[in-house]
Amino acid sequence: MRPIHKIAMVCTTFVLAAATGHVMQTAAPEGPRADPSQPVTAAVMPGARGHLAAPALSLPRLTVPVMRRPAAEAALGPLPQDIETAPGACAAPQLQAALAPGASVRLTVLAPCHPGALAEIRHAGLRLPVRLSEDGGWSGLVPAFAEQALFQLGLPGATAAATVTLAVPTLPTVNRIAVILPPASGAELHGYEYGAAPGSIGDVSAAAPRDAETRLGGWITSFGQPGAAQAVQIYSAPAAMADLRLVLEAPVTPESCGKDLQGAVLRPVGTRTEQVPLSLAMPDCGDGEGAVMMPLPGFPLAVAAN
527 MRPIHKIAMV
537 CTTFVLAAAT
547 GHVMQTAAPE
557 GPRADPSQPV
567 TAAVMPGARG
577 HLAAPALSLP
587 RLTVPVMRRP
597 AAEAALGPLP
607 QDIETAPGAC
617 AAPQLQAALA
627 PGASVRLTVL
637 APCHPGALAE
647 IRHAGLRLPV
657 RLSEDGGWSG
667 LVPAFAEQAL
677 FQLGLPGATA
687 AATVTLAVPT
697 LPTVNRIAVI
707 LPPASGAELH
717 GYEYGAAPGS
727 IGDVSAAAPR
737 DAETRLGGWI
747 TSFGQPGAAQ
757 AVQIYSAPAA
767 MADLRLVLEA
777 PVTPESCGKD
787 LQGAVLRPVG
797 TRTEQVPLSL
807 AMPDCGDGEG
817 AVMMPLPGFP
827 LAVAAN
């Protein structure tokens, strides 16, 4: 706060007395102040007698008092000057993490220099595509694949990546598997729980994913964006769940027929992450439509040979 210096104004009243009358000069309580540099003239008060006009009374010229500058206050120092601050540069990207249910982590991305960008959340060999908002933000649950979980934010054109590390002590309470596939494959990971049939309540997939707080069994978390290099589907289930079948279902389309669907399967094993290549041969294009079902052995993971 700027110190307020008070300047005391000295007002001098001049009174001229004469035997024939009095002439007084007063200052009005309101209105603009008189300019002290102009000569002060006398005014004749109403009711004065006419004979006061001779001889004329000559008023002395008033001198303008010199205003003294206030003494410098050594303790306060010089008065601060207004400093115009230039608009701040765009803030560096930030990645924030907090524990979430189901051995997951809620990540929050703050990247105001990258509005609407296609970003990646990198963790334990996974590259999870996410689309930032027009403000450069994103928030979502990411299943952890390590008890000491390290997350990194990948942004196009960024010279430095934001990182965050968080301990996830509840990781041993779940079993978890991730399937990494081309985004245009249309393949889906299914968890058939407790002998469930396809399409029933126990069929957990991207079409019926549930969430990490479900009490019914497992849940699916999907990551995929147009233009991304890959899509990722992660199935999580309580570690005590035993009656479970994992199946990869790939539709036969004009784009996929007669080709091999290439991907990978990733799973946390102890203190490390295990990744196994996945290859699924699609039928010839003349064999009609439908879907190819590829069983994945349950936990612990061992991808069946095709």
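Under the working numbering, the first residue of the sequence shown carries the number 527, and numbering increases by one thereafter.
Virtual Cβ for every residue (Gly too), placed ideally from N, Cα, C.
Collapsing the DSSP output to three states places residue 821 in a strand. Beta-bridge partners assigned by DSSP to residue 718: 729, 771. In the DSSP assignment, the residues bridged to residue 798 are 795. Out of 735, 801, 660, the CA that lies nearest to the CA of residue 705 is found in 801. Residue 693 and residue 756 have their C-alpha atoms some 27 Å from each other.
Separation of residue 750 and residue 685 (C-alpha to C-alpha, rounded to the nearest whole angstrom) is 24 Å.
Residue 680 and residue 632 do not touch by the CB rule: their CB atoms are close to 19 Å apart, not below 8 Å.
If the five residues before and after residue 813 are omitted, its C-beta is found closer than 8 Å to the C-beta atoms of 778, 783, all from its own chain and listed in chain order. Taking the Cβ atoms as the reference, residue 793 lies roughly 25 Å from residue 727, outside the contact range of under 8 Å. In the same chain as residue 710, and ignoring 5 residues on each side of it, the C-beta atoms closer than 8 Å to its own belong to 781, in chain order.
Annotation: residue 747 to residue 630 spans about 10 Å, alpha carbon to alpha carbon. Judged by DSSP in its simplified three-state form, residue 812 adopts helix. Residue 661 is not bridged by DSSP to any residue. Residue 658 places its beta carbon less than 8 Å from that of residue 643.
Here residue 791 really is in contact with residue 804; their C-beta atoms are around 5 Å apart, less than 8 Å. Taken through DSSP and simplified to helix, strand or coil, residue 696 comes out as coil.
Scanning 785, 623, 815, 774 for the CA closest to the CA of residue 714 turns up 774. For the 8 Å CB-CB criterion, residue 699 and residue 765 form a contact. Distances from the alpha-carbon of residue 798 to those of 663, 675, 628, 623 put 675 closest. Between residue 646 and residue 655, the beta carbon gap of about 6 Å places them in contact (Cβ cut-off 8 Å). Taking 8 Å as the upper bound for CB-CB distance, residue 787 and residue 808 are in contact here, some 6 Å apart.
Checking the DSSP bridge columns, you'll see residue 749 partnered with 758.
Residue 763 sits close to residue 744, with the two beta carbons spaced by under 8 Å. In the displayed model, residue 740 falls within coil according to three-state DSSP, outside both helix and strand.
If you look at residue 781, you'll find it isn't in any beta strand (DSSP E); DSSP assigns it neither H nor E. Under DSSP, residue 655 takes part in a beta bridge, and its partners are 646. Of the other Cβ atoms in all chains shown, 16 or more fall within 10 Å of the Cβ of residue 668; this residue is therefore buried. Annotated three-state conformation of residue 712 is coil, per DSSP. Inclusion of residue 662 and residue 636 in the CB contact set at 8 Å is warranted, their separation being smaller than that value.
Residue 628 carries a coil assignment under DSSP once its states are collapsed to helix, strand and coil.
Residue pairing by DSSP places residue 637 opposite no residue, since no beta bridge is assigned to it. Burial is judged here by how many other beta carbons sit within 10 angstroms of a residue's own beta carbon; residue 772 has at least 16 and is buried. Sequence-distant Cβ neighbours of residue 660 in its own chain, meaning closer than 7 Å and more than five residues away, are 641, 642.
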